[in-house]
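Enquirer: Residue numbers for the sequence shown follow this note's numbering, beginning at 35 and rising by one. Note that CB positions come from ideal geometry on N, CA and C, so glycine has one too.
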Amino acid sequence: MHWMENSRNEHWFKWLAGNLAGLAPVLAGLCCLALAVPAMAGNGSSSQHRAAEEMLAAMASGDAAAMALAIHESELELLRKNLVGEMKSQADRNETLLRDRLFGSGLPLSDIERLTPQGFFTTLARRLRIGGRKFESVDWLQAVEDSGGMVQMVGRASPPKALGSVRVPVLVSIVPWGKDWKAAIPLELQAQIDDLRTGRTRATAGAPAAAAPAAPAVAAAGTTATPTATPEGTPRALLEVIQAADDNLRAVRCEEFYSRQISPNFRRTTAPKALRTLISTCESRAEVRERFLAALQLIRQRTPRFEYAGTRAIYDLSGQGLPFQSLAFELIDKQWYIAE
């Protein structure tokens, strides 16, 4: 038995000597891998630190566009794909609940579909609570590996001297980005989006303001009182012009809309060529009409704020996803017009 063992050992050593040159690259690779493993553990690599700190700085600034640049585009695209798909499914059933919750009823689905992943996130972020503390440096404590290649960066952020000395804990999710790293959508924001999507909470940023009661006419000598109004506080003549504007836009009668519902003051101060362009754009682009129709639909449910002795009515449309924050009407020769 001993000679068999000695023979095997001698044979093994001869094989090892003959193949050592061939094993050298493999052994070198194993050594490199062993050296690389600690970089993924511990407190993370410099590229991981950089990605996490870029995200923290964007959150501290409250700038959604900066956050979108710090987040991996595939994360943003997945968010856009899932939510747009759900909104389109609702639209097929003539429902707009999710769109209203996330973007406001004034933003047409066609406009949302055209948004880039970054633009989608930036627009959606108007309804989210974004923020963080400014920091001077971060002491990264641990890089915790998570599922799907994600890494949770855990650290303590030190504020600038002017903001005290209390170090606060921070957590940033990052994902691989080629040979580098990018942030994932913060889990807190994902939770806020899901709360809005399911109706557990209402928008806190840019949420629509509650309709205010009609303001009394401005007190001035020799002025008239606010025109006779419906029980909701809106003059009947104003409701009639809103309906007429709605009818013309739905029928794509843009020339009539601009000549009869838009204020003479606006038409007088707008160059004929520019006015013609506005009418042509209204006729050729359905999304332009849709935005205006959405605004008209919203103001039917609201009471305007009156100014200038009741001759100007302003509807608050903030937080509704429209490119304008309000819609104003003015009274000229006892006739209401859209002011601008």
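#1: Does the stretch 314-321 come within contact of the stretch 286-295, defined as at least 3 CB pairs closer than 8 angstroms?
#2: Quick one: residues in its chain with C-beta nearer than 8 angstroms to the C-beta of residue 226, no 5 flanking neighbours on either side, listed in chain order?
#3: Taking the alpha-carbon positions, what's the residue 87 to residue 172 distance?
#4: Between which two residues does the beta strand (DSSP E) containing residue 187 stretch?
#5: Please return the same chain residues whose Cβ sits closer than 7 angstroms to the Cβ of residue 329, not counting the five positions on each side in sequence.
#6: Output the residue ranges of the alpha helix (DSSP H) runs that lie fully inside the stretch 260-347 and measure 4 residues or longer, sorted by chain position.
#7: Is residue 120 near residue 132, with beta carbons less than 9 angstroms apart?
#8: At which residue ranges does the stretch 196-237 contain complete beta strand (DSSP E) runs of 3 or more residues, listed in the order of the chain?
#9: Return the CA-CA distance between residue 345 and residue 187, expressed in angstroms with no decimal places.
#10: Would you report the Cα separation of residue 195 and residue 169, rounded to the nearest angstrom?
#11: Where residue 25 and residue 283 are concerned, what is the direct C-alpha to C-alpha distance, given to the nearest angstrom?
#12: With 16 other CB atoms within 10 Å as the buried threshold, where does residue 2 fall?
#13: Write down the C-beta distance between residue 200 and residue 184 rounded to the nearest angstrom, noting that I regard them as a contact closer than 8 angstroms.
#14: Work out the CA separation of residue 116 and residue 24 for me, nearest whole Å.
#15: CA-CA distance, residue 312 and residue 158?
#16: Starting from residue 99, trace the alpha helix (DSSP H) both ways and give me its first and last residue.
#17: Tell me whether residue 177 sits in a helix, a strand or coil according to DSSP, three-state version.
#18: By DSSP, does residue 350 sit in helix, in strand, or in coil?
#19: I believe residue 101 touches residue 92 by the beta-carbon criterion, under 8 angstroms. Please report the beta-carbon distance rounded to the nearest angstrom.
#20: Using the beta-carbon count (16 or more within 10 Å), is residue 364 buried or exposed?
#21: Could you please give the first and the last residue of the uninterrupted beta strand (DSSP E) stretch that includes residue 155?
#22: For residue 370, which of 275, 177 and 279 has the nearest alpha-carbon?
#23: Closer than 6 angstroms by C-beta to residue 89: which residues in its own chain qualify, once you throw out the five before and the five after it? Chain order, please.
#24: Give a yes or no on whether the C-beta atoms belonging to residue 155 and residue 197 are separated by under 9 angstroms.
#25: To the nearest angstrom, how far is it from the Cα of residue 302 to the Cα of residue 268?
#26: Starting from residue 366 and walking both ways along the beta strand (DSSP E), at which residues does that stretch end?
Expert: Answer, in terms of the structure:
#1: yes
#2: 162, 163 and 235
#3: 8 angstroms
#4: 185-192
#5: 140, 351, 356 and 361
#6: 270-284, 298-303, 306-318 and 320-333
#7: yes
#8: 202-211 and 214-217
#9: 58 angstroms
#10: 9 angstroms
#11: Outside the displayed range of the chain (35 to 374) lies residue 25, so it cannot be described from this structure.
#12: The structure shown does not extend to residue 2, since the chain is modelled only from 35 to 374, so the question has no answer here.
#13: Not confirmed; about 29 angstroms, so no contact.
#14: Nothing in the structure corresponds to residue 24, since the chain is present only between 35 and 374.
#15: 28 angstroms
#16: 98-104
#17: strand
#18: strand
#19: 4 angstroms
#20: buried
#21: Careful: residue 155 lies outside any beta strand (DSSP E), inside the alpha helix (DSSP H) at 151-158.
#22: 275
#23: 104, 206 and 217
#24: no
#25: 27 angstroms
#26: 360-366
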